[in-house]
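Down below is the structure, laid out as structure tokens.
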Amino acid sequence: MDLERIIASTRRYNLHSHTEYCDGRNTMEEMARGALEAGMEFYGFTPHSPISVESKCNMDAAKVDEYIARSREIASHYAPRCTFLTGMEIDYLGSEWGPHLDYFQRMDLDYRIGSVHFVPTRDGVAIDCDGRYERFAVNLKEAFGGDLRYVVEKYFEQVITMTERGGFDILGHLDKIAGNASQAAPGIEDEPWYEGLIDHALSTASSAGVIVEINTKALATKSRFFPAARWIDKVMATGLPVAVNSDAHYVDKIDAGRREAFELLDSYSSAGSDSALRGSVR
Ligand SMILES: [Zn+2]
Ligand SMILES: [Zn+2]
130 MDLERIIAST RRYNLHSHTE YCDGRNTMEE MARGALEAGM EFYGFTPHSP ISVESKCNMD
190 AAKVDEYIAR SREIASHYAP RCTFLTGMEI DYLGSEWGPH LDYFQRMDLD YRIGSVHFVP
250 TRDGVAIDCD GRYERFAVNL KEAFGGDLRY VVEKYFEQVI TMTERGGFDI LGHLDKIAGN
310 ASQAAPGIED EPWYEGLIDH ALSTASSAGV IVEINTKALA TKSRFFPAAR WIDKVMATGL
370 PVAVNSDAHY VDKIDAGRRE AFELLDSYSS AGSDSALRGS VR
């Protein structure tokens, strides 16, 4: 699937979304109709992948074939009005679980997003650090002994090793941990060591040649993108293609925050930035 061609040809796409197959709140059919109503030309379904640890948010391995078949049905039903794509947001836990596994490579998917939501403790227990802050705060204290810097550094280590191992097309919300970490410690993103982690993640992404996602899901609730607006110049400097995705879990959020993200990106491209946005400025 030539995702780069898609994101260079139009802004009416969203390549990251969830449905009843994981923790989304609407059916695939409802999301498909919502995508059409939002005027999408390309729309990707990306359920949270099956995973090797207990997780209510992730899809059941036994449902993968059904999901793929259902997605293909929707794609043929709505073609050519909108091109529906069959993707997956694959969790990375370490060498033992991630997009690089043959298990995911053999699935009949159009594309793969690689994302980190879980951070291992010092004992190697995978803890979900995504989602609500209240739960993160409890885990920070109880599972990580209150060591926020460890959690943040480990998160980025996971992003970096996932990217080195490869097997995915789009790097999902690369600094997602900052949503909860900046609530636990406001100003953490001003720290030089933190900026170093962003630089390391982006240079690894650059070597891997992946598409970098600007995730707009939390714009309304947390007033931020992932990666944060402050790093967009660094993203642009990589020259990597950029995909603006809403990560919608609700039908009314399919286009949420995308216009604002494009405006931000435009402010860099009109300031003479490089080719990453060449197509997207149409
Ligand atoms: Zn995610
Ligand atoms: Zn997602």
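Take any residue in the sequence shown, count from 1 to its spot, add 129: that is its number in my numbering.
Don't be surprised by glycine CBs; every beta carbon is placed ideally from N, CA and C.
From a predicted model like this one, the values you see are computed outputs, not experimental measurements.
| Asked | Found |
| --- | --- |
| heavy atom of ligand 2 below 6 Å from aspartate 376 C-beta | yes |
| beta-carbon glutamate 218 near ligand 2 non-hydrogen atom, thresh 6 Å | yes |
| Range covered by the beta strand (DSSP E) that runs through methionine 217 | 212-220 |
| Integer Cβ distance of glutamate 318 from arginine 251, believed to fall under 8 Å | Contact doesn't hold; Cβ gap of about 24 Å is too wide. |
| Contact between the stretch 176-194 and the stretch 138-157 (3+ Cβ pairs under 8 Å) | yes |
| Sub-7 Å separation of arginine 387 and threonine 345 beta-carbons | yes |
| For asparagine 344, the three-state DSSP class (helix, strand or coil) | strand |
| Host alpha helix (DSSP H) of serine 138 (start-end) | 132-138 |
| Secondary structure of alanine 372, DSSP reduced to three states | strand |
| Residue environment, leucine 132, which counts as buried when at least 16 other CB atoms sit within 10 Å | buried |
| Contacting residues, own chain, Cβ-Cβ under 7 Å from arginine 199 (five flanking each side not counted) | Met157 |
| Proximity winner among Pro209, Gly243, His302 and Pro321, relative to arginine 278 (alpha-carbon distances) | Pro321 |
| Beta-carbon proximity of cysteine 211 to leucine 144, cut-off 7 Å | no |
| Spatial distance of isoleucine 299 from alanine 137 (CA atoms) | 14 Å |
| Coarse secondary structure for aspartate 257, derived from DSSP in three states | strand |
| Of the listed residues Met169, Ser396 and Lys283, nearest to cysteine 258 (C-alpha basis) | Lys283 |
| Whole-angstrom distance between glycine 368 and leucine 238, CA atom to CA atom | 26 Å |
| Extent of the continuous beta strand (DSSP E) to which isoleucine 317 belongs | It is not in any beta strand (DSSP E) - isoleucine 317 carries neither H nor E in the DSSP assignment. |
| Collapsed DSSP secondary structure at phenylalanine 391 in the structure displayed | helix |
| Glycine 316, buried or exposed, once every other Cβ within 10 Å from all chains shown has been counted against 16 | exposed |
| Three-state class that DSSP yields for leucine 300 in the structure shown | strand |
| Per-residue burial, valine 248 [other beta carbons within 10 Å of its own, 16 or more giving buried] | buried |
| First through last residue of the beta strand (DSSP E) which encompasses isoleucine 242 | 240-244 |
| Alpha carbon of serine 396 to alpha carbon of glutamate 342, nearest angstrom | 17 Å |
| Distance cut-off 6 Å: glycine 301 Cβ against heavy atoms of ligand 1 | yes |
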